[in-house]
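Residue numbers (this note's numbering), protein chains in the order written: chain A, 1 to 176; chain B, 177 to 352. Heads up, the beta-carbon is just placed ideally off N, CA and C, and yes, glycines get one too. For reference, the structure discussed in these notes is given below.
Number of protein chains: 2
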Amino acid sequence: MALGNIERMFVLGIDPGLTRCGFGLVEGALEGPETFRAVRAGVLASDPAARVEERLASIYADLLDLYNQVSPDVVVVEKVFFMRNAKTAIPVAQASGVAVALAGARGSLVRQFTSQEVKLAVAGYGAASKAQVQAMVARACSLASVPRPPDAADALALAITYLMVARVESRVAVGT
Amino acid sequence: MALGNIERMFVLGIDPGLTRCGFGLVEGALEGPETFRAVRAGVLASDPAARVEERLASIYADLLDLYNQVSPDVVVVEKVFFMRNAKTAIPVAQASGVAVALAGARGSLVRQFTSQEVKLAVAGYGAASKAQVQAMVARACSLASVPRPPDAADALALAITYLMVARVESRVAVGT
């Protein structure tokens with residue numbers, strides 16, 4: 001990321017899942033006032049009745065369309081950790097791999113953050129509730145209400161996290 | 177799969193991994209003599225010094241090249257289960273998701289089998305050793321020696337498993 005660059009950039013957050021992938025596009029800059037604009041957010045869904053293999057192919061096709069439409073400079077995908085239900089973590093990790101690999105192959109910068117890293121950056125502490133994070137997303141983007149559905153709000157939070165972290169790193173780099 | 181179809185098909189096995197993805201292409205048929213031909217096998221490697229995000233993009237690019245070169249009718253990807261080391265299972269699942277989604281998006285039939293299912297099909301019992309499975313791969317494909325490296329042999333075993341299972345299913349379907 002070039003220092004001294006005050007151009008605005010488009011950051012796409014992806015909250016991966018086999019059934020629903022949340023996405024949220026945020027416009028922001030690494031310098032100047034900390035104003036973020038939520039450009040677009042929503043959910044990509046796959047058919048729960050289809051086989052896992054077909055659902056991953058459907059997510060791939062939907063993500064390819066989305067990436068082509070919004071041409072994000074940066075794609076931020078939630079980092080999958082082991083969940084209580086082992087069986088659900090593997091398909092979520094597979095969907096996240098598709099989101100990461102496709103974005104990287106298209107030339108976007110790609111990063112992964114854990115949900116705890118998102119909570120720390122957006123709400124100020126790692127034990128923040130989902131509702132608190134979503135309220136901070138609305139505030140950061142000057143939205144009158146919390147974005148819906150929750151998957152879309154989570155995806156916006158991922159994009160905002162990247163911008164917040166990159167803004168701090170940019171300032172630290174300037175100071176050295 | 178059309179019954180009564182004695183055309184030969186190309187089945188590509190993928191043993192997914194972040195560091196090494198084994199691949200093995202097998203030609204076979206759903207009817208007639210149980211003869212399999214190992215067409216091509218090898219390993220796609222990613223740079224261990226690169227970030228996970230870049231390595232997944234590199235695997236994506238290599239798989240896309242491979243799928244374009246061999247145009248497989250069927251792609252069989254090893255199904256990821258939780259391993260002892262939780263940290264390694266997630267990136268392997270991500271790589272497997274890329275292999276599954278990309279193959280499906282290109283129009284191949286895609287299946288996932290666990291390593292136990294491969295052992296059952298190829299070596300006759302689910303507790304077979306890796307060496308036993310690899311010896312059976314050599315025998316099934318009439319090879320003078322066991323294919324190397326092991327990742328490539330494992331990938332051939334995945335492809336053979338599909339053909340063996342599909343041959344049985346094809347006979348069962350005819351019998352009904």
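Kindly indicate the opening and closing residues of the alpha helix (DSSP H) around residue i.
i: R315/B; result: 306–316
i: L296/B; result: 291–299
Mapping DSSP to helix, strand and coil, what is residue i?
i: G198/B; result: strand
i: L64/A; result: helix
i: R171/A; result: helix
i: V146/A; result: coil
i: A286/B; result: This sequence places Val at residue 286/B; Ala is not what is there. It is a strand residue.
i: V253/B; result: strand
i: Q270/B; result: helix
i: A178/B; result: Unreliable placement is indicated for A178/B, whose pLDDT of 46 sits below 50; the coordinate value is still reported in the next sentence. DSSP places A178/B in coil when its eight states are reduced to three.
i: A333/B; result: helix
Answer with buried or exposed for residue i, where buried requires no fewer than 16 other C-beta atoms within 10 angstroms of its C-beta.
i: P145/A; result: Just to set this straight, residue 145/A is Ser in the shown sequence, not Pro. Classification of S145/A: exposed, given that the 10 Å Cβ count is below 16.
i: Y162/A; result: buried
i: V137/A; result: buried
i: V344/B; result: exposed
i: Y67/A; result: buried
i: G124/A; result: exposed
i: G107/A; result: exposed
i: A157/A; result: buried
i: P48/A; result: exposed
i: S129/A; result: exposed
i: K255/B; result: buried
i: A349/B; result: exposed
i: P147/A; result: buried
i: A127/A; result: exposed
i: Q134/A; result: buried
i: P72/A; result: buried
i: G180/B; result: Bear in mind that the predicted position of G180/B carries a pLDDT of just 49, short of 50, making it too unreliable to give a figure here.
i: R111/A; result: buried
i: D241/B; result: exposed
i: A328/B; result: buried
i: A41/A; result: buried
i: A50/A; result: exposed
i: A131/A; result: exposed
Between which two residues does the beta strand (DSSP E) harbouring residue i extend?
i: F186/B; result: 184–191
Exercise. Do the segment 195–209 of chain B and the segment 231–244 of chain B make contact, defined as three or more Cβ pairs closer than 8 Å?
Worked result: yes
Problem set entry | Secondary structure, alpha helix (DSSP H): runs of 4+ residues fully inside the segment 205–249 of chain B | 228–246
For this session: Flag this pair as touching only if the segment 34–41 of chain A and the segment 132–143 of chain A have three or more C-beta atom pairs under 8 Å; answer yes or no.
Result: yes
For this session: Please confirm if the segment 265–274 of chain B is in contact with the segment 88–100 of chain A, defined as three or more CB-CB distances below 8 Å between the two stretches.
Result: yes
For this session: Examine the Cβ distances between the segment 113–129 of chain A and the segment 286–297 of chain B and report whether three or more of them are shorter than 8 Å.
Result: no
For this session: Evaluate the contact criterion for the segment 197–207 of chain B versus the segment 295–309 of chain B: three or more CB pairs, one atom per stretch, below 8 Å.
Result: no
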